Structures are given as C-alpha cells and as structure tokens.
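Okay, so the sequence shown: first residue is 30 according to the numbering used here, each after it adds one. C-beta atoms are modelled at their ideal positions from N, C-alpha and C, and glycine is treated no differently. Source: prediction; values computed, not measured. A short worksheet on the structure shown next.
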Amino acid sequence: MKKYILISLLLFTFGINAQNISGQAYYESKTTVDMEAFGGGNREMSEEMKKTVAQMMKNALEKTYILTFNKDESIYKEEEKLDAAPINPGFKMMMSSYTPGAQYKNLKTGQIIEENEFFGKQFLVTDSIQTLDWQITKESKPIGQYIAFKATAIKKVDQNDYSMARPKKKDEKESAEKKTDTTQPQDPMDMIEIPEEIEVTAWFTPQIPVSNGPGEYAGLPGLILELNVYRTTLLCSKIVMNPKDSEKIEPPKKGKEVSREEYVKIVKEKTDELRENFRGGGNGRRGGFGG
30 MKKYILISLL
40 LFTFGINAQN
50 ISGQAYYESK
60 TTVDMEAFGG
70 GNREMSEEMK
80 KTVAQMMKNA
90 LEKTYILTFN
100 KDESIYKEEE
110 KLDAAPINPG
120 FKMMMSSYTP
130 GAQYKNLKTG
140 QIIEENEFFG
150 KQFLVTDSIQ
160 TLDWQITKES
170 KPIGQYIAFK
180 ATAIKKVDQN
190 DYSMARPKKK
200 DEKESAEKKT
210 DTTQPQDPMD
220 MIEIPEEIEV
230 TAWFTPQIPV
240 SNGPGEYAGL
250 PGLILELNVY
260 RTTLLCSKIV
270 MNPKDSEKIE
280 PPKKGKEVSR
290 EEYVKIVKEK
300 TDELRENFRG
310 GGNGRRGGFG
320 G
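Dropping the structure here:
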C-alpha cells in the first residue's frame, strides 16, 4: 500500500506540468553472449575465433540510443557516430536485418511505426503498441537523480526474431546431430532455438510522468530508465528535460509500407529460402527480393 501511495504522490506532484513535458533520454545498450555455448557440431570454434566473433557482436550490439519524447509521442533512434572498429560487412548486414531502425510511438492512438532494413530492402512497418501485463513490485532504487520502481511482464517472442536465439539444450542438439546427414552442410539454424516467451524487467520513474520507454516498450506510470530483456540491458545514462533544440517528433517515412503480419511473413519466407539454399549447398535461388 505504501508503494502505491508514494507512486501516486509522485504522479500528482510531477503530473501538473505533464501536458507540456518533453525531453531526450539516452540509453546505453549492453548484450551478453555466451560464446562457450556455440561452436558445437563437427567443428569446435577456436578460442581465437570465439574472441573475434565476440568482438564483432559487441561492436554490433553495444550502441547508444536516443528517445525524444513528449507526453503523447516519441521517436527512438540509434545515435549516429563513426564506427570505432570496422565490422565484417556480411555480419553487419545480417545483424541489421533483424534490428529495427527508427521507431515512432503515438500513445494516444496506440500506434507504432518503425523503419526496418531486411537484406537490403527498406520497409515501413506499422503495428499497434504491444500491451504488456506489467506487475509493479515493491522494489525501488535510485537511477541518477530519479527514484525508479521495478515492474515485470511476460512477453511472447516472435519466432523470427533471431536476436533472441539461443543454443538448443544438449539433448535436443545431440538428437539433431544424430539425424543430420554428415555429407550435407549442417544448417546452423538446427543448432539454435527461440524461446516462446521471456520475462521483461523495467525500472520506471513517476518523476517523469510519461508512459513511455525505449524501443517498443511503454505502458507504465513513468518513463522507463532501465530495461532488461533476455540478454540485453538498456540503461538510461542521461536525460535532458525540455531541451531548446531537439529532433522533431514525426513518423518515419522511408520504406515500403507493410503491416507487422506482412513483414513477419516476408522475413519468414526469406529466412526459409536462405536455409534451403544452405542445405542445397548454395544451388538454390539467391539474391534479394523480387519486384
């Protein structure tokens, strides 16, 4: 009860000026990768290769994002900066193909619009903001100058979201290896699985009374300052309230307009095609999208 009284008081105190609130929140992204879990099958990954792949994944996944927001809208983008360390072009394209670009949210209409680049083609994906059943806990902690409260939710995972991929459990992996024809190239997709659902943990502050957060996440009584999703943590490192100069908040316009369902179908068909090409030793259809 005390927890809800404190949150209500904070919302009342800071909610007076909520109509005119605006700001920019900077988030640092950190993703942990267990390289020891990979490299199974017929060939073990060398220590040198593990270090190389781990460094490439670190360069590709550890980024800074900026959430520009007001009471009802936001735009979430990766901070533009020169690459400190070059990334293998093929690896970079693969990672970017499963990572959204600019994401616009409208809390009034419940709409999210995001730019996606999938294997060289631009898409503009329109969807409804996913409503999570947030459970606010009794825990709180300071994040910078703000009081943050903990909330958790269970999220269903898109089975084409390979950023959530993990190695299959040992017994499943061994069973897959036994069934594999050793004369054919082994499909790496047979060695991984995507969980059906994951737990999401958010730390939000009613001191910034906007129901928003990084990426697709929203729906709490205050700005999300820290977010833990599977192996990735997004931590707010800086907030600039009511900045004089900030990016105009408007929906992105680059790419072919598709619904979320249409985009998921496109990704699945292309992924299945790539797997068939791999299994066939590269003799199948290749290239990008038709039309």
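Quick check: what's the CA-CA separation for residue i versus residue j?
i, j, result
"Y175", "K277", "26 Å"
"K285", "E298", "17 Å"
"T262", "I183", "16 Å"
"L303", "M270", "46 Å"
"E144", "E76", "37 Å"
"I142", "N306", "32 Å"
"I253", "E290", "27 Å"
"A247", "I158", "8 Å"
"I295", "P171", "43 Å"
"P129", "D301", "20 Å"
"Q151", "Y105", "17 Å"
"A177", "E102", "22 Å"
"K273", "F98", "13 Å"
"G52", "E109", "18 Å"
"S288", "Q236", "35 Å"
"T209", "F233", "Residue confidence is low: T209 scores 49 on pLDDT, short of 50, so the model does not pin down where it sits. Its coordinate-derived value is still stated next. Distance between the alpha carbons of T209 and F233: 47 Å."
"T138", "G251", "18 Å"
"G149", "V293", "16 Å"
"L249", "F147", "31 Å"
"K283", "E255", "29 Å"
Considering only residues of the same chain and omitting the five flanking positions on each side of residue i, which have a CB-CB separation below 6 Å?
i, result
"K92", "S58 and E107"
"N257", "T230"
"A54", "L96, C265 and I268"
"Y56", "Y94, P243, L263 and C265"
"E168", "K179"
"P280", "Y133 and I142"
"S275", "Q53 and T97"
Using a Cβ-Cβ cutoff of less than 8 Å, which residues in the same chain neighbour residue i once the five nearest sequence positions on both sides are dropped?
i, result
"T181", "W163, Q164, T166, E228, V229, T230 and A231"
"A131", "I104, Y105, K106, E143, E144 and P281"
Name the two residues that bound the continuous beta strand (DSSP E) containing residue i.
i, result
"V239", "No beta strand (DSSP E) holds V239; DSSP gives it neither H nor E."
"T155", "K150 to S157"
"A54", "S51 to T60"
"V258", "L252 to V258"
"T166", "Q164 to I172"
"S266", "T261 to M270"
"Y94", "T93 to N99"
"Q132", "Q132 to N135"
"Q140", "Q140 to F147"
"Y175", "Y175 to K185"
"S288", "K285 to S288"
"I223", "That residue, I223, is in no beta strand (DSSP E); it is neither H nor E in DSSP."
"I104", "E102 to E107"
Under 7 Å Cβ to Cβ from residue i, same chain only, skipping five residues before and after it: list those, please.
i, result
"V186", "M193, I223, P224, E225, E226 and I227"
"K100", "A47, Q48, I50 and V239"
So residue i and residue j are in contact, right, with Cβ under 8 Å, and what is the actual spacing, rounded?
i, j, result
"T155", "Q140", "7 Å"
"N29", "L153", "The first residue shown for the chain is 30 and the last is 320, placing residue 29 beyond what the model contains."
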